[in-house]
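Novice: In our numbering, the protein residues as written are 254 to 460. Okay, here's the structure, questions in a sec.
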């Protein structure tokens, strides 16, 4: 005789070992340690890491903001039950496109999903009416990975800042070189040496 409490709900979305691992990680999230606002900012900034596109970021921000703020409190459960049609309407994309983006976000470990056999989303509530489970889009993995992902964003921004600073130095050195060449009419050995030195500095900056 089987366990009457065993969940026999059919799973609509394909479950890979990687996705199963993300779902286990989501279960370890310490809800209440990160606010909805922090997660929304993180979702906006993830494009700079190359993990997701701007459209996927838009969808992720929409998902975060869909859950009520209290869902991210210690006793909350941030699960989204909106249909792909509704999400698509909110971000200006088709339901099919939303479905594909959700799969991409799942594969990137930015959401997890529990699907019913017909892909319908619905909550499971306790006697007090609080959501305790359900078929939907679970945002807990963003909480579990917040520090890791936030560090990736900081690193990407620091690298971009360093690259921008190097580019500014290169352009400044190039301007100086062009000015020197433009003002030389009969270059002496000293002038040529100065120009050669500037060229070497430009080469060193560019790599």
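Idealized CB from N, CA, C, for every residue including glycine. Just so we're clear, the structure is a prediction, and the values are computed from it rather than from any experiment.
Could you have a look at residue 321 and say whether DSSP puts it in helix, strand or coil?
Specialist: Taking the chain shown and counting its residues from 1, one reaches residue 321 at position 68. It is coil, neither helix nor strand.
Novice: Give me the Cβ distance between residue 292 and residue 305, rounded to the nearest whole Å; I'm assuming they're in contact under 8 Å.
Specialist: On the chain shown, position 39 is the one that residue 292 refers to. On the chain shown, position 52 is the one that residue 305 refers to. Incorrect: roughly 14 Å between the Cβ atoms, too far for contact.
Novice: Report the residue ranges of all beta strand (DSSP E) runs contained in full by the stretch 326-395; include only those spanning at least 3 residues, in chain order.
Specialist: For the stretch 326-395, whole beta strand (DSSP E) runs of length 3 or above, ordered along the chain, are 375-378, 384-388.
Novice: If I follow the unbroken alpha helix (DSSP H) through residue 296, where does it start and stop?
Specialist: To locate residue 296, count along the chain shown from 1; it is residue 43. Here the alpha helix (DSSP H) through residue 296 covers 289-298.
Novice: Please determine, among 283, 408, 338, 360, the residue with the shortest C-alpha to C-alpha distance to residue 275.
Specialist: Position 22 of the chain shown holds residue 275. Comparing Cα positions, the closest option is 360.
Novice: Using 8 Å as the Cβ pair cut-off and three pairs as the minimum, do the stretch 320-330 and the stretch 351-358 touch?
Specialist: No: the two stretches stay apart, fewer than three of their Cβ pairs being nearer than 8 Å.
Novice: Look at the alpha carbon of residue 273 and the alpha carbon of residue 410, and state the distance between them as a whole number of angstroms.
Specialist: Translated into the one-based positions of the chain shown, residue 273 becomes position 20. Translated into the one-based positions of the chain shown, residue 410 becomes position 157. Roughly 31 Å between the two C-alpha positions.
Novice: Would you decide whether residue 316 is buried or exposed? Buried here means 16 or more other CB atoms lie within 10 Å of its CB.
Specialist: Taking the first residue of the chain shown as position 1, residue 316 is located at position 63. By the neighbour-count rule (16 or more Cβ atoms within 10 Å), residue 316 is buried.
Novice: Between the C-alpha atoms of residue 326 and residue 290, what's the straight-line distance to the nearest angstrom?
Specialist: Counting from 1 along the chain shown, the entry for residue 326 is found at position 73. Counting from 1 along the chain shown, the entry for residue 290 is found at position 37. Computed Cα separation, rounded: 12 Å.
Novice: Assign residue 337 to buried or exposed, taking buried as 16 or more other Cβ atoms, counted over all protein chains shown, within 10 Å of its Cβ.
Specialist: Your numbering for residue 337 matches position 84 in the chain shown. So residue 337 ends up on the buried side.
Novice: Using CA atoms only, rank isn't needed, just tell me which of 339, 396, 347 is closest to residue 288.
Specialist: What you label residue 288 is simply residue 35 of the chain shown in a count that begins at 1. Out of 339, 396, 347, 396 has the C-alpha closest to the C-alpha of residue 288.
Novice: Between the beta-carbon of residue 406 and the beta-carbon of residue 302, is there less than 7 Å?
Specialist: For the purposes of this step, residue 406 is taken as the residue at position 153 of the chain shown. For the purposes of this step, residue 302 is taken as the residue at position 49 of the chain shown. Yes, they are a contact pair.
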